[in-house]
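Q: When you line the sequence shown up against UniProt numbering, it's residues 1 to 298, in that order.
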Amino acid sequence: MAGTGAPQSPRLVTPGSGAVPTLLKAALPSIPVVGSLPGVRKGPASSFSGLTFTRPPVTVERAHVEAYAEVCGFPSKDTAPLTYPHMLAFPLHMAIMTEPSFPAPAIGTVHLENAVTGHRPVAVGESLAVTTSVGAPRPHPKGTVYEFVAEARVGEELVWESTSTYLRRGRGDADAPGGYSFPHTSPNGTVWRLPGDLGRRYAAVSGDHNPIHLYPWTAKALGFPRQIAHGMWSLARCVAAIENRLPDAVRVDAAFKKPILLPGSVELGTRVLDDGIAFALTNPRSGAPHVVGRSTAL
Numbered sequence: 001m002a003g004t005g006a007p008q009s010p011r012l013v014t015p016g017s018g019a020v021p022t023l024l025k026a027a028l029p030s031i032p033v034v035g036s037l038p039g040v041r042k043g044p045a046s047s048f049s050g051l052t053f054t055r056p057p058v059t060v061e062r063a064h065v066e067a068y069a070e071v072c073g074f075p076s077k078d079t080a081p082l083t084y085p086h087m088l089a090f091p092l093h094m095a096i097m098t099e100p101s102f103p104a105p106a107i108g109t110v111h112l113e114n115a116v117t118g119h120r121p122v123a124v125g126e127s128l129a130v131t132t133s134v135g136a137p138r139p140h141p142k143g144t145v146y147e148f149v150a151e152a153r154v155g156e157e158l159v160w161e162s163t164s165t166y167l168r169r170g171r172g173d174a175d176a177p178g179g180y181s182f183p184h185t186s187p188n189g190t191v192w193r194l195p196g197d198l199g200r201r202y203a204a205v206s207g208d209h210n211p212i213h214l215y216p217w218t219a220k221a222l223g224f225p226r227q228i229a230h231g232m233w234s235l236a237r238c239v240a241a242i243e244n245r246l247p248d249a250v251r252v253d254a255a256f257k258k259p260i261l262l263p264g265s266v267e268l269g270t271r272v273l274d275d276g277i278a279f280a281l282t283n284p285r286s287g288a289p290h291v292v293g294r295s296t297a298l
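1. Here's a check: name, in chain order, each residue in its chain whose Cβ is nearer than 7 Å to the Cβ of TYR215, leaving out the five neighbours to either side.
2. Which residue spans inside the segment 149-230 form an unbroken beta strand (DSSP E) run of at least 3?
3. Measure from the alpha carbon of LEU281 to the alpha carbon of each residue in SER206, PRO187, SER295, LYS142, then state which is nearest.
4. Determine the extent of the alpha helix (DSSP H) in which PRO91 is found, giving its start and end residues.
5. Which residue or residues does DSSP assign as beta-bridge partners of ASP248?
6. Going by DSSP in three states, HIS290 sits in which element: helix, strand or coil?
7. In this structure, what does DSSP give as the bridge partners for GLU267?
8. Give the range of the alpha helix (DSSP H) segment to which HIS111 is assigned.
9. Using CA atoms only, rank isn't needed, just tell me which of SER164, GLY196, ASN210, GLY189 is closest to ASN283.
10. Would you tell me roughly how many angstroms separate the C-alpha atoms of PRO263 and GLU156, rounded to the nearest one?
11. For TYR68, which beta-bridge partners are listed by DSSP?
12. Per DSSP, SER127 is paired with what?
13. Hey, would you say LEU88 sits closer than 8 Å to ALA152, going by beta carbons?
14. Are at least three pairs of beta-carbons, each pair with one atom in the segment 217-236 and one in the segment 123-133, less than 8 Å apart?
15. Quick one: measure Cβ to Cβ for VAL250 and THR83, integer angstroms, because I've assumed they're closer than 8 Å.
16. Classify LEU158: buried if its beta carbon has 16 or more other beta carbons within 10 angstroms, exposed otherwise.
17. Using DSSP's beta-bridge definition, name the partner residues of ARG237.
18. Rounded to whole angstroms, what's the CA-CA distance from HIS184 to ALA174? Just pull it up for me.
19. Expressed to the nearest angstrom, what Euclidean distance is found between the alpha-carbon atoms of ARG171 and ARG62?
20. For ASP208, is the classification buried or exposed, using 16 other Cβ atoms within 10 angstroms of its Cβ as the cut-off for buried?
21. Please classify PRO91 as buried or exposed, where buried requires at least 16 other C-beta atoms within 10 Å of its C-beta.
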């Protein structure tokens with residue numbers, strides 16, 4: 001994966017301030033008048049060159065892994081699911097997004113794509129040092145995108161990495177790259193019925209308490225007809241469905257298309273490729289895609 005080239009030395013962050021203070025910091029820049037105050041006002045995108053945050057090494061705890069596995073559909077094992085280290089990187093994502101120097105407010109920024117690479121399985125009980133970097137924004141046909149690159153190491157060994165691409169809608173560049181392209185994957189008849197509290201259950205294990213995922217009234221306040229599933233839950237659920245066919249060293253790329261309304265239903269599709277597996281989650285009635293992606297053996 002390509003790095004961001006963020007110039008700063010890593011800034012140490014200790015997560016643990018809680019959901020409400022984090023949400024408040026995320027929301028303030030979007031509030032009229034308040035968003036223009038010193039310490040809240042976002043800096044200009046033109047002068048932003050990047051940030052790098054790191055956290056103290058954290059042990060992969062069995063109880064947390066099992067709670068995550070249960071809500072995402074993974075089996076209970078002595079190794080963490082491929083997507084699990086994102087739980088340890090996400091607090092750094094939020095710490096960067098709530099920095100005044102980061103140009104885009106966290107609320108309203110859309111998770112567009114994700115690439116996850118596992119270089120080897122991460123065992124329960126291992127201690128991971130996690131760093132997240134973001135570089136300068138780049139143009140997109142629908143606005144501006146920011147790529148958050150996370151790395152997890154055991155000692156000096158790089159065991160896991162990811163690139164999370166976030167879109168800030170606005171004036172786009174029609175000539176800019178539009179993102180990933182994936183093989184077409186037809187539904188295979190596997191339908192998952194998703195409960196209305198799925199977003200709250202995933203928030204409890206992930207720390208992602210974005211209001212669009214929690215309740216109908218909090219989602220409606222931000223422009224959705226009702227709450228929607230987390231993108232990283234939908235990716236994790238797809239990975240869980242194909243996990244027994246993935247090698248120990250693997251990359252998974254995915255694009256998030258239409259939101260999954262909760263409660264609701266999605267239909268899975270998978271297709272074997274020469275070097276991996278293509279997958280998709282679609283609306284069972286309309287066929288509209290929610291998530292599309294593929295794995296690639298390393």
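Each residue gets a CB set at the ideal place from its N, CA and C atoms; glycine is no exception.
A: The structure says:
1. GLN227
2. 157-169, 190-194
3. PRO187
4. 86-97
5. BP columns for ASP248 are empty, so no partner.
6. strand
7. VAL191, THR282
8. Run containing HIS111: none in the alpha helix (DSSP H); it sits in the beta strand (DSSP E), 110-118.
9. GLY189
10. 43 Å
11. Beta-bridge pairing links TYR68 to no other residue.
12. THR59
13. yes
14. no
15. About 11 Å separates the two Cβ atoms, so there is no contact after all.
16. exposed
17. Beta-bridge pairing links ARG237 to no other residue.
18. 24 Å
19. 45 Å
20. buried
21. buried
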